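In my numbering, the protein residues as written are 533 to 895. We put the CB at the ideal spot given by N, CA and C, even for glycine. What you are looking at is a predicted structure, and each value in this text was computed from that prediction instead of being measured. Data block below; observations after.
This is the structure in structure tokens:
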């Protein structure tokens, strides 16, 4: 007998990046509240994690970027229709425009609803014509959708509340973590992002160059967690500018929490960010954040309370912010505490489940 509450999560891929991590949190949150959850994607590195956690995954043609020819899309529509029909799926929740459109065509004549989460800001011009409702991951994305012509009543804002209880420090863990961080001389700053496109790594290195020139005695060290095509270029920049003693490149990591736990602060100088899940993860471990005041970031990090948000592109201000935190670790710790409290109030998985159920009922 099919579950009373059944959802199929659909996206182009499950590669090691923010969207797949959000989908994983979504699947866990919905299952914990009684939903039967299956997935349909074009595949990816994180498929095994979903299957290990007990979720059924279907590899469907026509979803992955490299597999969007007409024949593949038709095949994908038929596959999705079969999956939704067999499971008597109530909701198909897609996570990009391609997945949403293919899913909508697949369920014509079925009772399943389609709802689409908008993670980025690149395809809004086509979304007003899509015949389903939307979830925006921030107020910033909602405003972009409205500006593009999507009717406001078709949009729910649901933050990427992906944190489980075991990922968020309790008070004792917060105190212990900061006690472990404090004895080291160096003020350790972590940056977590894949090195494809511009996620602000170059700006972080430029900030370190600024710090070295202004005050070479400032004990700041930066650890980059992530990998990608730009890594050799970034490593070369660090070498050319005499920064190799100030930075380390850890590579990609499926679990970023060990890196967060040994840092005193996070820096994230991406100039395009619709939400910034990694900022919520950093705050969950009691870290203050230095970032640009752009996109959805001000909705995640409260400026002056849980971190320091500087004007877009102002590398000098970012450098000065790191120096200020390094000079007053008690202030850094108090900011970390404020960010942790915000995570508990806003970014827990149970918030996500409640808000999604409400959106499913409304759509």
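- Distance check between residue 818 and each of 862, 863, 869 and 837 places 869 closest, using alpha-carbon atoms only.
- Comparing alpha-carbon positions, the option among 549, 561, 686 and 834 lying closest to residue 884 turns out to be 561.
- A direct Cα-to-Cα measurement between residue 668 and residue 891 gives close to 11 Å.
- Burial state of residue 765 is exposed, judged by a 10 Å Cβ sphere holding fewer than 16 other Cβ atoms.
- Under the 10 Å beta carbon count, residue 893 is surrounded by fewer than 16 other beta carbons and is classified as exposed.
- Rounded to the nearest angstrom, the Cβ distance from residue 722 to residue 801 is 13 Å, too far for a contact under 8 Å.
- For the set 638, 834 and 569, the Cα lying nearest the Cα of residue 610 is the one of 638.
- Between residue 833 and residue 823, the C-beta gap is smaller than 8 Å, which places the two residues in contact.
- Residue 739 sits close to residue 847, with the two beta carbons spaced by under 8 Å.
- By the 16-neighbour rule on beta-carbons within 10 angstroms, residue 640 is exposed.
- Residue 536 counts as exposed, since fewer than 16 other beta carbons sit within 10 angstroms of its beta carbon.
- By alpha-carbon distance to residue 779, the top candidate from 683, 645, 814 and 741 is 741.
- Secondary structure remark: continuous beta strand (DSSP E) runs of at least 3 residues inside the region 726 to 807, in chain order: 752 to 757, 779 to 783 and 797 to 800.
- When DSSP states are grouped into helix, strand and coil, residue 700 belongs to the coil group.
- Ranked by Cα distance from residue 619, the first of 645, 608, 587 and 540 is 540.
- The beta carbons of residue 756 and residue 733 sit about 6 Å from each other, so the pair counts as a contact at 8 Å.
- Under the three-state reduction of DSSP, residue 668 is assigned to strand.
- Judged by DSSP secondary structure, residue 892 falls within the alpha helix (DSSP H) whose first and last residues are 881 to 894.
- When 816, 730, 543 and 837 are compared, the shortest CA-CA separation from residue 625 is found for 543.
- DSSP, reduced to helix, strand and coil, places residue 550 within a helical segment of the structure shown.
- In this model, residue 882 and residue 875 are separated by some 12 Å (Cα to Cα).
- Just measuring C-alpha positions, the residue of 880, 715, 572 and 563 sitting nearest residue 795 is 715.
- Under the three-pair Cβ rule at 8 Å, the region 838 to 856 counts as touching the region 745 to 752.
- Residue 810 is positioned such that its CB atom lies no closer than 8 Å to that of residue 825.
- Linking residue 602 to residue 612 through their CA atoms gives a straight-line distance of about 15 Å.
- CA-to-CA, the gap between residue 872 and residue 647 works out to about 31 Å.
- Less than 8 Å divides the Cβ of residue 880 from the Cβ of residue 693.
- The criterion of a C-beta distance shorter than 8 Å is not satisfied by residue 672 and residue 816.
- Looking at 788, 719, 827 and 791, the one whose alpha-carbon comes closest to that of residue 863 is 719.
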